[in-house]
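J.: Just so we're aligned, residue 0 is where the sequence shown starts under numbering that gives the first Met the number 0, counting upward by one.
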Amino acid sequence: MPPAAMDRPASRTRPCAWPTAVARPPSRCADGRPFMDRRNFLRGIAAGATLSALPALAWAHTTSDTQPDRLAPLAGCTSERLGGAAVLEGRWPAELRGTFYRNGPARFELGGERYRHWFDGDGMAHAWHIEGTVRHEARFVRTQKYVEESAAGQFLYPTFDTHIARRPVGNNDTVNTANTNLVPHGGKLYALWEGGSATELDPDGLATRGIKRWRDDLAALPFSAHPKITPDGTLWNFGIVHGADKLLLWRIDADGSLGKFGMLDVPQLPIVHDFVVTARYMVFLVPPFDLHRTRDSTILGAHTWNGTRPLRVVVVDRADFTLRRIVEMPAGMTLHLGNGWDEGDVIRLDACLAANDSGLRALGSVMRGEQTQAAMMRTMLVTIDLARGVTRSEILLDGTEFPRVAPADVGKRYRQLFVTTRPDTAQFGMTGIARIDIDSGSVDRFEYGADWIVEEHVPVPKASGRGVWLVGAAYDVRRRQTVLAVFDGARLANGPVARARLPYGAPLCFHGNFVRT
Numbered sequence: 000m001p002p003a004a005m006d007r008p009a010s011r012t013r014p015c016a017w018p019t020a021v022a023r024p025p026s027r028c029a030d031g032r033p034f035m036d037r038r039n040f041l042r043g044i045a046a047g048a049t050l051s052a053l054p055a056l057a058w059a060h061t062t063s064d065t066q067p068d069r070l071a072p073l074a075g076c077t078s079e080r081l082g083g084a085a086v087l088e089g090r091w092p093a094e095l096r097g098t099f100y101r102n103g104p105a106r107f108e109l110g111g112e113r114y115r116h117w118f119d120g121d122g123m124a125h126a127w128h129i130e131g132t133v134r135h136e137a138r139f140v141r142t143q144k145y146v147e148e149s150a151a152g153q154f155l156y157p158t159f160d161t162h163i164a165r166r167p168v169g170n171n172d173t174v175n176t177a178n179t180n181l182v183p184h185g186g187k188l189y190a191l192w193e194g195g196s197a198t199e200l201d202p203d204g205l206a207t208r209g210i211k212r213w214r215d216d217l218a219a220l221p222f223s224a225h226p227k228i229t230p231d232g233t234l235w236n237f238g239i240v241h242g243a244d245k246l247l248l249w250r251i252d253a254d255g256s257l258g259k260f261g262m263l264d265v266p267q268l269p270i271v272h273d274f275v276v277t278a279r280y281m282v283f284l285v286p287p288f289d290l291h292r293t294r295d296s297t298i299l300g301a302h303t304w305n306g307t308r309p310l311r312v313v314v315v316d317r318a319d320f321t322l323r324r325i326v327e328m329p330a331g332m333t334l335h336l337g338n339g340w341d342e343g344d345v346i347r348l349d350a351c352l353a354a355n356d357s358g359l360r361a362l363g364s365v366m367r368g369e370q371t372q373a374a375m376m377r378t379m380l381v382t383i384d385l386a387r388g389v390t391r392s393e394i395l396l397d398g399t400e401f402p403r404v405a406p407a408d409v410g411k412r413y414r415q416l417f418v419t420t421r422p423d424t425a426q427f428g429m430t431g432i433a434r435i436d437i438d439s440g441s442v443d444r445f446e447y448g449a450d451w452i453v454e455e456h457v458p459v460p461k462a463s464g465r466g467v468w469l470v471g472a473a474y475d476v477r478r479r480q481t482v483l484a485v486f487d488g489a490r491l492a493n494g495p496v497a498r499a500r501l502p503y504g505a506p507l508c509f510h511g512n513f514v515r516t
């Protein structure tokens, strides 16, 4: 049922309508084709005649009586646009004006079928406009996939963990969902998905302008959703070509032009979602997945956890994109890294690490209305000695995700790290935020509560140049409303300085960034 709080949308847009939905475990199909690179892999998994999307059944029927409200944002959004004015609670800092951009998957159902994994959904770009008042707007990114499937009234192409085979895949951008991050750079705004090109959006109205092509011969190559922008304005990024064991390396200069592109061979290269950049290096943590290139695999299905193998640290010289060294550390799963720096032959970085990939798999279970226990993700400080080829790790905080640092700290020695937190690994979503002093180990934290789902919170420099504001959205489960909050980054335990509450619940987002006006 649509939340009652959604009855007051802005006049020019409609609120997001939650459809009823979910599921039973699907069957798989076999296509009979091997894959040698990401393009052929995607073509291969699209070649079969059956499909493994979930049937769209009643969401409320299969979720428990205690959980439907918490999982309501995962039902999906059926309106192409939504928006409305937020009600302010407290005094919003006068200096904090601008737009807070966010991105996340929001279409999970079409034509009576439902995706199997949270990461499968089509991207919806969000903008919180803050100019004395706070106004929210969102719209789907009109990728090739979104436009063609909307016209057809059904899903046509394979996704991260759902096999659909109604049309052949031309290249990576045929299946680009643009669902992971919104990154402003060089006067442009890009919706990012790690498997294909950046998609340019209008920064004012979020209209889709089209695929960004950095160079003709680089069309449709993976451009990850986690670029790092160093204080000089340079954007550093990477891409993974599954099945070909290729690590792509990108440098986009401050003016938005391509500065350098490179490609390295890294054996057994699976999912790599994030990285850090230091003054001299680009550093990647490669989880110990075995890639099983079977005829019926989705991208996720082709990955099998192998805890007997080490996690590999791949260190690349950022000046010339050459491989410096590969160092091993104990097996572990990571999606997100915060920051890093180098001192001589030593690199230090923070990463959210878990014992295995159960958390990634659990994000499929929630699409069926189920919550399952997952391995705890914890923030670790990792020291890498390049000369000796050894690593050392120490735990900074348990139950964390989505690490961020102040923009001025990217690639440099830093002290303050911001993360989201949760004490219960059997419950979907984060419930709090924390600031970790990586030198002293002290933690300043604020708990929204068990009835909230907390998104990534982003540090925004204060106008004085001293300290940051911390800005982030959270979903109020009881009231089915989304709230934007701002904290003094030095005093999280004091609670939010101000909040802006929407009269509806917006789809959950993964990542985004703040742009001042």
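Glycine included, each C-beta is placed from N, C-alpha and C at the ideal position.
Are D121 and G300 closer than 8 Å when you measure CB to CB?
T.: It is not a contact, given that the beta carbons lie outside the stated cut-off.
J.: Report the three-state DSSP secondary structure of D537 (helix, strand or coil).
T.: Residue 537 lies beyond the range of the chain shown here (0 to 516); nothing can be said about it.
J.: Across which residues does DSSP place R212 in a beta bridge pair?
T.: Note: R212 sits in no beta bridge, so no partner.
J.: Do A253 and G152 have their C-beta atoms within less than 8 Å of each other?
T.: No, they are not a contact pair.
J.: Report yes if the C-beta distance between G504 and A164 is below 8 Å; otherwise report no.
T.: Contact: no.
J.: Quick check on I394: buried or exposed, where buried means 16 or more other Cβ atoms within 10 Å of its Cβ?
T.: Counting Cβ neighbours within 10 Å, I394 comes out exposed, since fewer than 16 surround it.
J.: For F544, tell me which candidate among D203, T419, V326 has the shortest Cα-Cα distance.
T.: The requested residue 544 does not occur in the structure, where the chain is confined to residues 0 to 516.
J.: Decide yes or no for the touch test of the stretch 449-458 against the stretch 105-118: beta carbon pairs closer than 8 Å, at least 3 of them.
T.: Output reads no: the stretch 105-118 does not touch the stretch 449-458.
J.: Could you tell me the distance, in whole angstroms, from the CA atom of L220 to the CA atom of E88?
T.: About 45 Å.
J.: Pull up the distance between the alpha-carbon of G255 and that of K187, whole angstroms please.
T.: Near 8 Å, if we compare the C-alpha coordinates of K187 and G255.
J.: What are the start and end residues of the alpha helix (DSSP H) that includes E148?
T.: E148 -> alpha helix (DSSP H) spans 143-151.
J.: By DSSP's criteria, Y280 is part of a beta bridge. Which residues make up the other side?
T.: Answer is D316, bridged to Y280.
J.: Helix, strand or coil: which one does DSSP assign to S357?
T.: Here S357 sits in helix by DSSP.
J.: L310 and P329 - do their beta-carbons sit closer together than 8 Å?
T.: Yes, the Cβ-Cβ distance between P329 and L310 is below 8 Å.
J.: Pairing CB atoms from the stretch 201-215 with CB atoms from the stretch 369-385, are three or more of them under 8 Å?
T.: Contact fails: fewer than three Cβ-Cβ distances are below 8 Å.
J.: Check whether the Cβ atoms of T303 and H291 lie closer than 8 Å to each other.
T.: Yes, the pair counts as a contact, with Cβ atoms nearer than the cut-off.
J.: Distance check for N512 and H162, CA to CA, integer angstroms please.
T.: Whole-angstrom Cα-Cα distance: 32 Å.
J.: Which residue from A84, I210, L181 puts its Cα closest to that of T173?
T.: Taking only the C-alpha atoms, the option nearest T173 is I210.
J.: Between Y413 and N338, which are expected to be in contact by the criterion C-beta below 8 Å, what is the C-beta distance as a whole number of angstroms?
T.: At roughly 6 Å, the Cβ-Cβ gap stays under 8 Å, so Y413 and N338 are in contact.
J.: Check each candidate in N170, C76, R250, C351 and name the one with the smallest Cα separation from A318.
T.: Residue R250 is the option with its Cα nearest to A318.
J.: Using the C-alpha atoms, what's the distance from A425 back to G448?
T.: Roughly 15 Å separates the two Cα atoms.
J.: What does the alpha-carbon distance come out to for the pair T333 and R115?
T.: Computed Cα separation, rounded: 21 Å.
J.: Would you grab the beta carbon distance between T158 and D119 for me? Rounded to a whole angstrom, and I think it's under 8 Å.
T.: Right, the Cβ-Cβ distance comes to about 4 Å (below 8 Å), so this counts as a contact.
J.: Can R500 and V476 be called in contact, C-beta distance under 8 Å?
T.: No, these two residues do not count as a Cβ contact at 8 Å.
J.: Does DSSP classify L95 as helix, strand or coil?
T.: Note: L95 maps to coil in three-state DSSP.
J.: Does the separation of the CB atoms of E130 and A462 fall below 8 Å?
T.: For E130 and A462, no; Cβs fall outside 8 Å.
J.: State the DSSP-derived secondary structure class of R7, mapped to helix, strand or coil.
T.: For R7, the predicted model reports a pLDDT of 28, less than 50, meaning its position is unreliable and no value from the coordinates is stated.
J.: What residues in its chain sit with their C-beta under 7 Å from that of A350, if we drop five residues either side in the sequence?
T.: If we look at A350 and ignore the five residues flanking it on each side, its Cβ neighbours are L284, T333, L336, M379, V381.
J.: What are the start and end residues of the beta strand (DSSP E) that includes R250?
T.: Per DSSP, R250 belongs to the beta strand (DSSP E) from 245-251.
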